[in-house]
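2 protein chains.
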Amino acid sequence: MEEKEISQAVISRLPRYFRYLGDLKDEGIERISSQELSDIMQVTASQIRQDFNNFGGFGQQGYGYNVGYLYEEIGKILGLDKEHNLIIVGAGHLGQALVNYMNFERRGFIFRGVFDSNPAIHGMKIRELAVQPMENMEAFVKENDIDIAVLTIPKSSATAVAEQLVSYGIKAIWNFAHVDLNVPKEIQVENVHLSDSLMKLSYNLASHDTN
Amino acid sequence: MEEKEISQAVISRLPRYFRYLGDLKDEGIERISSQELSDIMQVTASQIRQDFNNFGGFGQQGYGYNVGYLYEEIGKILGLDKEHNLIIVGAGHLGQALVNYMNFERRGFIFRGVFDSNPAIHGMKIRELAVQPMENMEAFVKENDIDIAVLTIPKSSATAVAEQLVSYGIKAIWNFAHVDLNVPKEIQVENVHLSDSLMKLSYNLASHDTN
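Protein chains in written order, with our numbering: chain A, 807 to 1017; chain B, 807 to 1017.
This is how it looks when you write it as structure tokens:
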């Protein structure tokens, strides 16, 4: 597939296509028209065609898309045909929840190590992974070909830890700390700011309140 | 403040403004120009002014915004001047992590009850909350003036549980289940699809890979 710069808005929609196509596949559906997909996903058929045209259109014909092929192609575009090695920094409740969530592994995101600055929990097992001290991180990242670091640590330490990780060769950060990281442009960062999401819900609740 | 329909893109940026203004306030900074705010937040000053103009502009004058006032006003717009009563449905690792995250309470989001379909964990305490059976949910929602439900349950049960919650009078759902809920338009839904976020990171990693 030829590379061109795709907008982040399109990228943001790809996982949702992938999810719906996976469901269709599980239901044994082999072909689907953009109109049918549009009805299920509640986006316009023209949006779907436009989005897919960014990737060559996926061979839409009169009778629609091949579900299995489309699912696989979008998976490849999302990089899901390769395994990723992850570490989690911060073994609190959220870090533990992520390590325990098996669906990530099914998609090829493998948690290799867990790190925490609190000596009281060093050696504690989360699934089969023993929590390690931060001092082990550099060697571990280099020896285990870690490409993604997940930050589930407080805001106060996130910026410094992110800088360390970058210096160890990490290429991508999945950031749950409630702060915007300041890392070089070539490092990919995806933020999950849970408080921001909850506040947005609160806004919509307040602004639609009917009393 | 007069109500008008504000775009979701603007709404999505409000919590970030709120976060930066909170930090500035904590640092003792009382005034800031849109240009200074623009430098810190890495958005254009014109974007900031446009966003704020949706809410009357917040009295920007030659010498800039009053940080404390702006923080408070954006907080009000986000509905943070009121308390919200929440329940969590699904007491797995993620549900437990959310209940244990104190920052939500500091913002007025109070977890009142935790529910799970697994009898083995009924009565288990998460902070001071005992996990309750699903059968208690209807009465609990009505008696405790619950307005927000947090769904941390598997995809397979999320749709049905969301419908139940709506019938009990819930007005907003913070959905972590990996499915798009099908609820009436007047119910506010905010999705946190963690897998989608990780896939987006994976895409950006794959498409910027330099080998």
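Every residue, glycine too, gets a C-beta built ideally from N, C-alpha and C. Keep in mind the model is a prediction, meaning the values are calculated, not measured.
Residue i (DSSP reduced to helix, strand or coil)
i	result
Gly863 of chain B	helix
Phe917 of chain B	strand
His999 of chain A	coil
Pro990 of chain A	coil
Val849 of chain A	coil
Ile952 of chain A	coil
Ile817 of chain B	helix
Ile932 of chain B	strand
Asn1017 of chain A	Annotation note: pLDDT 45 at Asn1017 of chain A (below 50); position unreliable, coordinate value reported separately. DSSP places Asn1017 of chain A in coil when its eight states are reduced to three.
Ile880 of chain A	helix
Asn909 of chain B	helix
Beta-bridge partners of residue i, as assigned by DSSP
i	result
Arg837 of chain B	B:Asn872
Pro939 of chain B	DSSP output for Pro939 of chain B lists no bridge partner at all.
Val895 of chain A	A:Phe921 and A:Leu957
His890 of chain A	A:Phe915
Asn981 of chain B	B:Leu957 and B:Asn997
Residue i versus the options, residue with shortest Cα-Cα distance
i	options	result
Ile959 of chain B	B:Asp951, B:Ala968 and B:Asp953	B:Ala968
Met908 of chain A	A:Thr850, A:Ser923, A:Ile932 and A:Val895	A:Ile932
Asn1010 of chain B	A:Leu1011, A:Leu1004, A:Ala1012 and A:Asn997	A:Asn997
Asp951 of chain B	B:Ile916, B:Trp980 and B:Tyr869	B:Ile916
Leu892 of chain B	B:Asn981, B:Ser1008 and B:Glu833	B:Asn981
Glu911 of chain B	B:Gly898, B:Met847 and B:Asp887	B:Asp887
Glu879 of chain B	B:Val947, B:Pro939 and B:Arg825	B:Arg825
Val985 of chain A	B:Arg822, B:Leu957, B:Ser813 and B:Val816	B:Arg822
Ile894 of chain B	B:Met1005, B:Tyr875, B:Ala983 and B:Lys1006	B:Ala983
Leu1004 of chain B	A:Ala955, A:Leu971, A:Val849 and A:Thr965	A:Ala955
Contacts that residue i makes with chain D (C-beta to C-beta distance below 9 angstroms)
i	result
Ser963 of chain A	Going by chain labels, chain D is absent from the structure shown, which instead holds the protein chains A and B.
Any chain A beta carbon closer than 9 angstroms to residue i
i	result
Lys1006 of chain B	yes
Arg825 of chain B	yes
Phe858 of chain B	no
Gln848 of chain B	yes
Glu808 of chain B	With a pLDDT of only 46 at Glu808 of chain B, under the threshold of 50, the placement of this residue in the model should not be trusted; the figure read from the coordinates follows. No, because no Cβ of chain A sits closer than 9 angstroms to the Cβ of Glu808 of chain B.
Tyr1009 of chain B	yes
Tyr875 of chain B	no
Check whether residue i and residue j have beta carbons under 9 angstroms apart
i	j	result
Gln994 of chain B	His999 of chain A	no
Arg918 of chain A	Leu904 of chain A	no
Leu830 of chain B	Tyr877 of chain B	yes
Residue-chain proximity (residue i, chain B), Cβ-Cβ < 9 angstroms
i	result
Asp832 of chain A	no
Leu1000 of chain A	yes
Ser818 of chain A	yes
Ala1012 of chain A	yes
Ala968 of chain A	no
Ala903 of chain A	yes
Gly898 of chain A	yes
Leu915 of chain A	Note on identity: in this sequence residue 915 of chain A is Phe, with Leu being the wrong assignment. It does: the Cβ of Phe915 of chain A has a partner Cβ on chain B nearer than 9 angstroms.
Ala983 of chain A	no
Val920 of chain A	no
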